[in-house]
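For reference, the structure discussed in these notes is given below.
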Amino acid sequence: MNILFISHKFYPDIGGIEVNSELLANQFKALGANIKLVTWSNNLGDKKFEYEVIRKPSLRKLLILFKWSDLIFENNPTIRLSWLNILFRKPRVVAVLTWIKNNNSEVTFVDLLKKKWVNNATQVIAISEAIKRDTSKKAVVIGNPYRSELFKSNIDRNLRVKDFLFLGRLVSDKGADMCIELIYQLKSIYNIECNLSIIGEGPEMETLKNNAKKYKLEKNIQFLGFLKGQKLVNELNQHKYILVPSRWEEPFGNVALEGMACGCIPIVSDGGGLPDAVGEAGILFKRNSVQDLTDKTYELLTNTNQQKYLLDNTEAHLANHSENKVGQRYFDVIVKAYNS
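Numbering of the sequence shown is given in my numbering, commencing with residue 28 and proceeding in unit increments.
Structure, rendered in structure tokens:
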């Protein structure tokens, strides 16, 4: 089967969709498909792929690619690269990886056009139940994969010397300030002294540092800046819990999976796709509620049976999000579309 794989952005650009596209394209190739990937990302990078990557294709090149293909796969709707299928009418599968609306949750005319384009596809995949409800009732829900070769536990939990970790961009929507509030509440209300590592960069950095000073938590809180690769994995492995207190409703929440794979118990807000990301292996608290975050965290810290239950469910949950398992589920949908 010849699959024209469309990804708006791709390696070496950095982001969730870029990583997801690379993992899926590699899996489709391993499952026997012929892959040609088209993207607007112009930089080449150093990595070599076992399939052709066409960057910023001309109209003539797109026509050739559509003629060559047996099926079109869009990893997130990308009409500027896929509109030619109006002429070719090849089977088309669209994976929806994020909300189809603007940052203010307003649905524009372009968003409505995208939703119609998605629902006219042969098959639709949504990365979470929340994305399915927002986009397409006919979608098959398949959660994101994570990089299992990179993110893994390498330190026994009993030997970990750090408590909580926040990983993400330092903007108000991600809720890093709530993590600082949590450490303060645990100390002032329950007399529990905990530490917190904040990994990431962004415009809220100085505000967060000022909050730590305000609560006299300078010794409790570390700001580690931006980390990636093995350095990030090693830091995750020093911690017992990962906090994902997003005020914004995350479409899924790969960071929770990555923390979980490194042995951290995830404590996440209950909005968007985060409940799907942690399943029965994580704790949910009411989005944007420091009080509920504190209550649920205190309960977890003082309940070893709950900790054991979550850790016992981790392996099975992660197995459902391995590259092989997710790639096979995507491929099954593609084969169904091809044969329809």
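Each residue gets a CB set at the ideal place from its N, CA and C atoms; glycine is no exception. All figures in this text were calculated on a predicted structure; none of them were measured in a lab.
Using three-state DSSP, classify residue i as helix, strand or coil.
| i | result |
| --- | --- |
| residue 147 | coil |
| residue 401 | Given a span of 28 to 367 for the chain in the structure shown, any question on residue 401 remains unanswerable. |
| residue 79 | strand |
| residue 302 | helix |
| residue 90 | helix |
| residue 292 | strand |
| residue 311 | strand |
| residue 271 | strand |
| residue 327 | helix |
| residue 363 | helix |
| residue 344 | helix |
| residue 189 | strand |
Could you spell out where the beta strand (DSSP E) holding residue i opens and where it closes?
| i | result |
| --- | --- |
| residue 102 | 98–102 |
| residue 249 | 248–252 |
| residue 64 | 61–66 |
| residue 31 | 29–33 |
Exposed or buried, residue i, counting other C-beta atoms within 10 Å across all chains shown (16 or more means buried)?
| i | result |
| --- | --- |
| residue 135 | exposed |
| residue 173 | buried |
| residue 331 | exposed |
| residue 38 | buried |
| residue 22 | There is no way to answer for residue 22, as the model of the chain reaches only from 28 to 367. |
| residue 336 | exposed |
| residue 299 | buried |
| residue 41 | exposed |
| residue 280 | buried |
| residue 59 | exposed |
| residue 329 | exposed |
Quick check on the DSSP output: the alpha helix (DSSP H) that includes residue i runs from which residue to which?
| i | result |
| --- | --- |
| residue 108 | 106–109 |
| residue 244 | No alpha helix (DSSP H) holds residue 244; DSSP gives it neither H nor E. |
| residue 370 | This structure does not reach residue 370, given that the chain is present from 28 up to 367, and the question cannot be answered. |
| residue 56 | 43–57 |
Within the stretch 191–237, note down every full alpha helix (DSSP H) run reaching 4 residues or more, in order along the chain. 203–217
Would you say the stretch 252–269 touches the stretch 177–186, given that touching needs at least three Cβ pairs under 8 angstroms? yes
Under 8 angstroms: do the stretch 104–113 and the stretch 38–54 share three or more Cβ pairs, one atom per stretch? With the rule of 3 Cβ pairs closer than 8 angstroms, the stretch 104–113 does not count as touching the stretch 38–54.
Segment contact, 8 angstroms Cβ cut-off, at least three pairs: the stretch 289–296 with the stretch 269–277: The stretch 289–296, when compared against the stretch 269–277, does touch it at the 8 angstroms Cβ threshold.
Start-end ranges of the beta strand (DSSP E) lying completely within the stretch 114–172, minimum 3 residues: Within the stretch 114–172, the complete beta strand (DSSP E) runs of at least 3 residues are 119–123 and 150–153.
Check whether the stretch 86–103 touches the stretch 118–131, counting contact only when three or more Cβ pairs, one atom from each stretch, lie closer than 8 angstroms. Counting C-beta pairs closer than 8 angstroms gives three or more between the stretch 86–103 and the stretch 118–131, which meets the contact rule.
Are three or more beta carbon pairs between the stretch 244–259 and the stretch 156–175 nearer than 8 angstroms? no
Mind the definition here: the stretch 314–325 touches the stretch 201–212 only if three or more C-beta pairs lie below 8 angstroms; say whether that holds. The stretch 314–325 makes contact with the stretch 201–212, as at least three CB pairs between them are under 8 angstroms.
Could you tell me whether the stretch 150–167 touches the stretch 230–248, where touching means 3 or more Cβ pairs closer than 8 angstroms? no
Inspect the CB distances between the stretch 145–160 and the stretch 239–250 and report whether three or more fall short of 8 angstroms. no
Would you say the stretch 340–356 touches the stretch 52–68, given that touching needs at least three Cβ pairs under 8 angstroms? yes
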